[in-house]
Every structure is written in C-alpha cells, then in structure tokens.
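Numbering (UniProt numbering), first residue to last: 1 to 356. We put the beta carbon where it would ideally sit given N, CA and C, even for glycine. Predicted, not measured: the structure shown is a model, and the values here were computed from it. Below is one structure, written out as structure tokens; the observations come after it.
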C-alpha cells in the first residue's frame, strides 16, 4: 500500500485521525502530530477537549511528565526557561513576563503558574505556554502576611484546568505565616478562609474533593461544592510527625500517597481511610515529581528516559545550605540519590506541559 503524498495528509478523515490519536500518550506526541497541518491540529484540539471532558480519560493528560521551570541566569527577574529533564535538561523555550519579577510563586497546577503580587496580594494565574492571564481578587493582607522563612513551602492547587471551564474552577492555597487554608471559586469576589486548618504541608484535588495534609500527618477532605465541609480522614502519625518535608500525591491508580522526605531519602505511605496507613516499599512502574507545585505521578514506561520506581525532586535552598538548589532523582530500588542538573537560579518548580 503506497503512502499518501505530502499533499494528501490533509485529506485523511477526522475519524481516522482520531483513531490514531487514541494511541498517543505524551503531550509532545500531540504537539508533533498537530504540526503536520491545520486539519491535524484541529483533530488534536478536538481529542484533547474530549479527554478533558471525561474524568477517567483526563488522567492521560493529568499524569504527564512535567517540564522544569527555572529563572534564566542573565535575566532571572523577568525570564524563565522550560527544560525537559528526560532529554538531558534540554532547554525548550524561554518565557518572558514582567510578572515573574514582582510576583511570588505559589506553585503550579494544571500547567498554570500561581502568582501573588508582593505589594497588593492580588492573585494571578499565568499560562506560560499561551501567555493567558486570569486575575483573581487579592488575599487579605493580614491573612497572607507575616514572617515566613525565605525558602518555605507554598502550595496552590486548581480543581480543574481553567482552559477546560473558566467558570467552574476552584483555587485552594496555603497562606500566611501559619500555613492556613484559603480558597476561591471562579467568579467570586472574596476568598474563603478556613481557620480550623493550619500548618498544612500539601494539597491535592481528587474525585471532586480537595485533600490537605498537615504537619502531623493528618489527612483532611474538603468539600467546597456547596457549604464548606471538612472531614478528618486519618489520625496523627506520631512517629512521622513534623518530618523534614511531606508531600501529598495522587497515584495513577487514584490512591493518595504521603511522601516523607528524610535525611538520605524518602518514605512513602498509602493513606487508608480511617485505618492504619500502609507503607509503600516500591512504586513499580511509577515515577513521582515533587517540588513547589501540584505533585505529579506518571507511568514511567510511557515516557522515554523516565526512571521507574523513582522520585524526581527539586532541592530547595535552605537556611543551612543556601547554595543547594538542584534537581535530583531518588531510586527506591537501592535508595540512592543521584544529582541530575545543577541550576543556580531559584525557585525551581515542575509544570505540566499544555497544548496551546
């Protein structure tokens, strides 16, 4: 069977192109596919919209190997680069924005940067792939100000990608010197502050609920659909309380994992509803990406160069070692930590790739 000439590629039916797209996994594959011609780009957009509208299929988009975002050395206040760590730290493209200098990173979620103005406390969602901005009301200064360590953990998580539905997303953030909780729904004029939750380590959104993890290892569910409701899921973990850093990650199977960073490595627990947590000694084919961002899990076999049973993490500068800012990978096979790439500029964070 003869292959079609270059002029015939656009004549292939949308249904045929859609069947090919069923076999693609990575966002890079979608981008490459869409570069063939206008019709193929349209087919990609239609497929991505279908995936986003279906919760189960949306996991294919949500569990993508993220890109590393780091300020450039020559203009760190207004310019960042996106790097592909699966391809030797190759720089993909540069992001120019004056927002980057005077705004503070609160993390990334669904491919959007979450930024807070240092003077007005206004919150802005910034899509570095398309340049889109979504302006949200300011946080109350007395709620968000206060002394914080220069390299403390911050979190901001979106319920859904605003590109899917700009009228129905919810943003939940830690705020203030006591890492308390605040959230806002799209279209609202004021933030809602949750006084009873504080010293929070991480946030994740799963199956219609936000889940937050505090410094004592207690997991709470937060239902923001109608009247706000908090439910405690697990009891304090006395032996693992006040760990160096804890992360909350949703696995590709939908399990919630508490990942505890310790001296020399990580310990992982599968969080069980109202019962004793189960230690996880192997991630199998899964790799985790942790940092000042919405934590991400992927199936390593879907992505060339991704190491299975491993944790990729950004080592933030600390008070004791302000020069230690780099990217490492921890292997659960032999419990070794391997440096990948040194980056002199801070902050470093992972961001999910998006099809513009």
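Residue 336 versus residue 312: straight-line alpha-carbon distance, rounded: For residue 336 and residue 312, the distance between alpha carbons rounds to 12 Å.
inquiry  = Out of 158, 172, 200 and 215, which one is the CA nearest neighbour of residue 352?
reply    = Ranking the options by Cα distance to residue 352, first place goes to 158.
- request: Would you kindly report the start and end of the unbroken beta strand (DSSP E) that includes residue 313?
  value: Under the DSSP assignment, residue 313 falls in the beta strand (DSSP E) whose first and last residues are 310–315.
Proximal residues to residue 103 (C-beta, below 8 Å), its chain only, five neighbours per side dropped
So the qualifying residues of the chain are 115, 116, 117, 118 and 124.
When the Cα of residue 272 is compared with those of 303, 221, 304 and 291, which residue comes out closest?
-> With distances taken between Cα atoms, residue 272 lies closest to 221.
DSSP state of residue 9 mapped onto helix, strand, coil | In the structure shown, residue 9 sits in a helix (DSSP, three-state: H, G or I).
Does DSSP put residue 250 in a helix, in a strand, or in coil? In the structure shown, residue 250 sits in a strand (DSSP, three-state: E or B).
Q) Who pairs with residue 262 in a beta bridge, going by DSSP? A) Answer is 265.
Review point. DSSP on residue 289, reduced to helix/strand/coil?
Key: If DSSP states are grouped into helix, strand and coil, residue 289 belongs with the strands.
Just list the alpha helix (DSSP H) runs in the region 106–177, keeping only unbroken ones of 4 residues or longer that don't cross its boundaries, in chain order.
Along the length of the region 106–177, whole alpha helix (DSSP H) runs at least 4 residues long occupy 141–144, reported in chain order.
Exercise. Which class does residue 20 belong to by DSSP, given the choice of helix, strand or coil?
Worked result: It is helical.
Which residues in the same chain as residue 223 place their Cβ atom closer than 7 Å to its Cβ, once the five residues preceding and following it in sequence are excluded?
By the criterion of a C-beta distance shorter than 7 Å, residue 223 is surrounded in its chain by 209 and 229, once the five residues flanking it on both sides are discounted.
Is it buried or exposed, residue 293, if we count other Cβ atoms within 10 angstroms and call 16 or more buried? That one is buried.
Exercise for review: Note down the Cα distance separating residue 206 from residue 212, rounded to an integer number of angstroms.
Suggested key: Taking the straight line joining both Cα atoms gives about 11 Å.
**Asked** Can you tell me the Cα-Cα spacing of residue 41 and residue 14, whole angstroms?
**Response** Approximately 11 Å, taken between the alpha carbons.
(Q) Using only CA atoms, which one of 203, 72 and 127 lies nearest to residue 256? (A) Of the residues 203, 72 and 127, the one whose Cα lies closest to the Cα of residue 256 is 203.
Look up residue 223 in the DSSP assignment and give the residues it is bridged to.
Paired residues: 229.
request  = Could you check which residue in 166, 167 and 192 has the C-alpha nearest to that of residue 173?
outcome  = Of the listed residues, the one whose Cα sits closest to residue 173 is 192.
* Considering only the beta carbon of each residue, do residue 267 and residue 260 sit closer than 8 Å? -> Yes; because the gap between Cβ atoms is below 8 Å, this pair is in contact.
- Spatially closest choice to residue 190 from 234, 181 and 137, by CA coordinates: Closest in C-alpha terms to residue 190, from the list 234, 181 and 137, comes 137.
Where residue 279 and residue 258 are concerned, what is the direct C-alpha to C-alpha distance, given to the nearest angstrom?
Cα to Cα, the separation comes out at about 9 Å.
Could you have a look at residue 354 and say whether DSSP puts it in helix, strand or coil?
It is coil, neither helix nor strand.
First through last residue of the beta strand (DSSP E) which encompasses residue 329 | Where residue 329 is concerned, the enclosing beta strand (DSSP E) stretches over 326–331.
Close beta carbons around residue 270, own chain, < 7 Å, minus the five adjacent residues each side:
So the list reads 255, 257, 277, 278 and 280, once near-sequence residues are dropped.
Of the choices 109, 164 and 46, whose alpha-carbon is the least far from that of residue 350? Per the Cα distances, 109.
Using DSSP's beta-bridge definition, name the partner residues of residue 103. 117, per the DSSP bridge assignment.
| query | Among 275, 304, 69 and 291, which residue has its Cα nearest to the Cα of residue 285? | reply | Nearest C-alpha to residue 285: 304.
> Rounded to a whole number of angstroms, what is the C-alpha to C-alpha distance between residue 291 and residue 330?
Replying inline: Each residue's CA atom was taken as its position, placing residue 291 and residue 330 some 13 Å apart.
Residue span of the beta strand (DSSP E) that contains residue 389, given as start and end
The requested residue 389 does not occur in the structure, where the chain is confined to residues 1 to 356.
Using DSSP with H/G/I as helix, E/B as strand and the rest coil, what is residue 202? It is a strand residue.
By DSSP, does residue 276 sit in helix, in strand, or in coil?
Correct three-state label for residue 276: coil.
Please classify residue 262: is it buried, with 16 or more other beta-carbons within 10 angstroms of its beta-carbon, or exposed? Under this definition residue 262 is an exposed residue.
*Excluding the 5 residues preceding and the 5 following residue 196 in the sequence, name in chain order all residues of the same chain whose CB lies nearer than 7 Å to its CB.*
Only residues of its own chain outside the window of five on either side were considered, and among them 230 have a CB closer than 7 Å to the CB of residue 196, listed in chain order.
Measure the alpha-carbon distance for residue 19 versus residue 215 and round it to whole angstroms. For residue 19 and residue 215, the distance between alpha carbons rounds to 46 Å.
Give every residue of the same chain whose Cβ lies closer than 8 Å to the Cβ of residue 105, excluding the five residues on either side of it in the sequence, and list them in chain order.
Same-chain partners within the cutoff: 113, 114, 115, 154, 292, 347 and 349.
Taking the alpha-carbon positions, what's the residue 265 to residue 10 distance? Going from the Cα of residue 265 to the Cα of residue 10 covers about 51 Å.
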